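Chains as they are written, first to last, in our numbering: chain A, 3 to 109; chain B, 394 to 867; chain C, 2 to 42.
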């Protein structure tokens, strides 16, 4: 994740607190989803930005996860995300993000 | 209204591994940790490897992207790959540094006598030597070592020391600092190289060009007009287009497509007879994803500047027609969902002339070479675009879901362009498209580009534009 | 699931852009506090 984006996330955490905060990703690949999810949970695995070795422990989801889709109006979801849901590997992306959540929970 | 056609297209690569250290990402990482420079240096590839690299051969037209063979490409040499191809060339760094010095009218670049001489000798033997007058390199001879001690940046470093330098154009103006001018001069020199190839390959009189539209990524200017300058006319001058004027069109990676649409419109309206569109290479993007290459024990493949030139003119009865009645554009109200963007760029213009997604033979979209993006985790950009197009075709019930793979293979192609967004965004396919629509079997090819306007922080909007090239029925 | 939550949206140009994600979330009773779209090409 871009170091600048990491800093803005850090700022948002400081402003709003972690309690009610959720990160929602739109990354296109399982690899990118895994890196982004790790960055906001256990810390930037690429050591490129301010979230390196920073354990934010935020709740993270991806817009292509089934449980997220279920919470959104189907027509709206299809209109905004449908084409990418048809294009990208949703299950693999979902698994990558779920793994980051599980890693956080097991700590 | 005159029918505008694509008269010619050309492409050139400048293999410049020594300039990678000036790329935006490598320069930042080297500043943070100077040992990165040695790691980069140890993982560069030689000129022969760059010439034999299948995606580079596709770039200069020797092989169609669909015929590049199986990946990986980086660890093999394509049979028969030569420096010069049907659409242009791959220029070695020594010659390109000379070309940059010839592009510099303000004596900011200084070359060592040895470098100036070897560059001039090689350029004298170059088929385009008439365009560039290599004898003038004598006036670029200086002492780069001393220049660097006075604050210039090193442009070329050999085992024996600094052989090339570039001084700032102004001591206070950040827009004229040496590294900014390095980007602009590299862009000008590579753009002029592509335009000169276009003129030579197609036997065109430089004086027949009326206007040159620059669509490069670099912003040229000074502190009172940061991006206000113009590479189009600078490139026109360097390529000997003495009758031409010029200006630039900016739109992030999408710029070449609107530039071509504007050029075609100028021709259609009868304002000009021949308009060239030129995009030079992007120095800031050299080595952009070098960390991915190092991590995967690959040579640093983002080592070449890519440049493309196209000529739009009046109908000659043969060259592919630019369909001005079917221009796709992303509107302010379009929205930023993928479907909204694809609707605006693909479905809407096709609807306008009664065609469907499947009516297009080839789609030229974001043709970034996946060997550059995948090692860094950015995935296969063209494949994603083609899958998106196929998913659109499924939604429109034009193909079945099981046919997605086949649609991607038939209407798409593997990426082969350097990660210099404007060059990768359909622009690099122009010469192939022209060949396919004249000597080849294609009837319609769509060129589409997307620009991430939000990166400039003036709007959250995306942008994009498309046009259709069609076989000329005479 | 999202009612009363504050959401940071990290979209990607090559995946799902953040305005499209935010549009989806608009009616779920949450507040989008940060939107970024990354571009890696």
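We put the beta carbon where it would ideally sit given N, CA and C, even for glycine.
Remember, it's a predicted structure, so these values are computed and weren't measured experimentally.
Residue 759(B) at chain C interface by Cβ criterion, 8 Å: Mapped onto the second chain, residue 759(B) falls at position 366. Yes, residue 759(B) counts as interfacial toward chain C.
Is there at least one Cβ from chain C nearer than 8 Å to residue 668(B)'s Cβ? Numbered from its first residue, the second chain carries residue 668(B) at position 275. So, not an interface residue.
CA nearest to the CA of residue 458(B), picked from 424(B), 468(B) and 809(B): Here residue 458(B) is taken as the residue at index 65 of the second chain, counted from 1. For the residues 424(B), 468(B) and 809(B), the minimum Cα distance to residue 458(B) belongs to 809(B).
Quick check on residue 772(B) - is its C-beta less than 8 Å from some C-beta in chain C? The count along the second chain starts at 1 and reaches residue 772(B) at position 379. Contacts with chain C at 8 Å (Cβ-Cβ) include residue 772(B).
In the DSSP output, which residue or residues are listed as bridge partners for residue 547(B)? Start at 1 with the first residue of the second chain, and residue 547(B) comes out as number 154. The bridge partners DSSP lists for residue 547(B) are 558(B).
Is residue 17(C) close to chain A? Criterion is C-beta to C-beta, closer than 8 Å. Reading the third chain from its first residue, position 16 is the one you call residue 17(C). Closer than 8 Å to some Cβ of chain A, the Cβ of residue 17(C) qualifies, so yes.
Which residues mark the beginning and the end of the beta strand (DSSP E) in which residue 869(B) is found? The structure shown does not extend to residue 869(B), since chain B spans only 394 to 867, so no value can be given for it.
Pick from 707(B), 772(B), 778(B) and 818(B) that is closest to residue 602(B), judged by C-alpha positions: In the second chain, the residue the question calls residue 602(B) occupies position 209. Taking residue 602(B) as reference, the option from 707(B), 772(B), 778(B) and 818(B) with the minimal CA-CA separation is 707(B).
CA-CA distance, residue 606(B) and residue 670(B)? Your numbering for residue 606(B) matches position 213 in the second chain. Your numbering for residue 670(B) matches position 277 in the second chain. Each residue's Cα considered, the two are about 5 Å apart.
Would you say residue 86(A) lies against chain B (beta-carbon separation less than 8 Å)? Taking the first residue of the first chain as 1, we reach residue 86(A) at position 84. Yes, residue 86(A) counts as interfacial toward chain B.
Just verifying my parser: in three-state terms, what is the DSSP assignment at residue 669(B)? The residue you call residue 669(B) lines up with position 276 of the second chain. The answer is strand: DSSP assigns residue 669(B) an E or B state.
Should residue 727(B) be counted as a contact of the ligand ADP given a C-beta to heavy atom distance under 7 Å? Among the components modelled here there is no ligand, and therefore nothing to report on the ligand ADP.
Between residue 684(B) and residue 812(B), is the Cβ-Cβ spacing less than 8 Å? Indexing the second chain from 1 puts residue 684(B) at position 291. Indexing the second chain from 1 puts residue 812(B) at position 419. Against a cut-off of 8 Å, the Cβ pair of residue 812(B) and residue 684(B) comes out as no contact.
For residue 472(B), name the three-state secondary structure that DSSP assigns. Your numbering for residue 472(B) matches position 79 in the second chain. The answer is coil: DSSP assigns residue 472(B) none of H, G, I, E or B.
Residues of the segment 787 to 802 of chain B in Cβ contact with chain A at a cutoff of 8 Å, in chain order, please. Residues passing the 8 Å Cβ filter: 787 and 788.
List the residues of chain B whose Cβ lies closer than 8 Å to the Cβ of residue 30(A), in chain order. As a working mapping, residue 30(A) is identified with position 28 in the first chain. Within chain B, the residues near residue 30(A) are 772 and 777.
Just checking, does the segment 476 to 486 of chain B make contact with the segment 524 to 538 of chain B on the three C-beta pairs under 8 Å criterion? The segment 476 to 486 of chain B and the segment 524 to 538 of chain B do not touch, with fewer than 3 CB-CB distances between them shorter than 8 Å.
Any C-beta of chain A under 8 Å from that of residue 42(C): Counting from one through the third chain, the residue named residue 42(C) turns up at place 41. With 8 Å as the cut-off, residue 42(C) does not count as an interface residue toward chain A.
Name the one or two DSSP bridge partners that residue 39(C) has. What you label residue 39(C) is simply residue 38 of the third chain in a count that begins at 1. The partner list for residue 39(C) (beta bridge, DSSP) reads 13(C).
Could you list the residues in the segment 80 to 106 of chain A with a C-beta less than 8 Å from some C-beta on chain D, going in chain order? Among the protein chains of the structure shown, namely A, B and C, there is no chain D.
Just the C-alpha distance for residue 888(B) and residue 680(B), rounded to the nearest angstrom, thanks. What is shown of chain B runs 394 to 867, which leaves residue 888(B) out entirely.
Rounded straight-line distance, which links the Cα of residue 643(B) to that of residue 851(B): As a working note, residue 851(B) is residue 458 in the second chain. As a working note, residue 643(B) is residue 250 in the second chain. When rounded, the distance between both Cα atoms is 14 Å.
Whole alpha helix (DSSP H) runs in the segment 583 to 647 of chain B with 4 or more residues, listed along the chain? Runs found: 624 to 631.
Any C-beta of chain B sitting closer than 8 Å to the C-beta of residue 28(C)? Here residue 28(C) corresponds to residue number 27 of the third chain, with the count starting at 1. With 8 Å as the cut-off, residue 28(C) does not count as an interface residue toward chain B.
Do residue 727(B) and residue 737(B) come within 8 Å of each other at the CB atom, strictly closer than that value? Residue mapping note: residue 737(B) aligns to position 344 of the second chain, counting from 1. Residue mapping note: residue 727(B) aligns to position 334 of the second chain, counting from 1. Closer than 8 Å, so yes.
With a 10 Å radius around its C-beta and 16 neighbouring C-beta atoms as the bar for buried, classify residue 552(B) as buried or exposed. Reading the second chain from its first residue, position 159 is the one you call residue 552(B). The Cβ neighbour count for residue 552(B), taken over all protein chains shown within 10 Å, is under 16; the residue is labelled exposed.
For a cutoff of 8 Å on Cβ pairs, would you count residue 737(B) as touching chain A? In the second chain, the residue the question calls residue 737(B) occupies position 344. Chain A has no Cβ within less than 8 Å of the Cβ of residue 737(B).
What does the alpha-carbon distance come out to for the pair residue 31(A) and residue 535(B)? Locating residue 31(A) in the first chain gives position 29, where the first residue counts as 1. Locating residue 535(B) in the second chain gives position 142, where the first residue counts as 1. Those two C-alpha atoms are separated by around 50 Å.
Fully enclosed by the segment 455 to 531 of chain B, which beta strand (DSSP E) runs are 3 residues long or longer? Listed in chain order, they are 481 to 484 and 502 to 504.
Give me the chain B residues within the contact set of residue 2(A), using Cβ-Cβ distance strictly less than 8 Å, ordered along the chain. Only positions 3 to 109 of chain A appear in the structure, and residue 2(A) is not among them; the question remains open.
Selection from 631(B), 717(B), 844(B) and 588(B) that minimises the alpha carbon distance to residue 745(B): The count along the second chain starts at 1 and reaches residue 745(B) at position 352. Shortest Cα-Cα distance from residue 745(B) to any of 631(B), 717(B), 844(B) and 588(B) involves 717(B).
Can you tell me the Cα-Cα spacing of residue 749(B) and residue 862(B), whole angstroms? As a working mapping, residue 749(B) is identified with position 356 in the second chain. As a working mapping, residue 862(B) is identified with position 469 in the second chain. One alpha carbon belongs to residue 749(B), the other to residue 862(B), and they sit about 15 Å apart.
So with Cβ pairs under 8 Å, would you call residue 36(A) a contact of chain C? For this step, residue 36(A) is matched to residue 34 along the first chain. The beta carbon of residue 36(A) does not come within 8 Å of any beta carbon belonging to chain C, so the residue lies off that interface.
Quick one: which chain A residues come within Cβ less than 8 Å of residue 785(B)? As a working note, residue 785(B) is residue 392 in the second chain. By Cβ distance, chain A contributes 85.
Measure from the alpha carbon of residue 402(B) to the alpha carbon of each residue in 505(B), 837(B), 703(B) and 766(B), then state which is nearest. Position 9 of the second chain, counted from the start, is the residue given in the question as residue 402(B). Of all alpha-carbon atoms in 505(B), 837(B), 703(B) and 766(B), the one lying nearest the alpha-carbon of residue 402(B) is that of 703(B).
Look up residue 423(B) in the DSSP assignment and say whether it is helix, strand or coil. Taking the second chain and counting its residues from 1, the one referred to as residue 423(B) is at position 30. It is helical.
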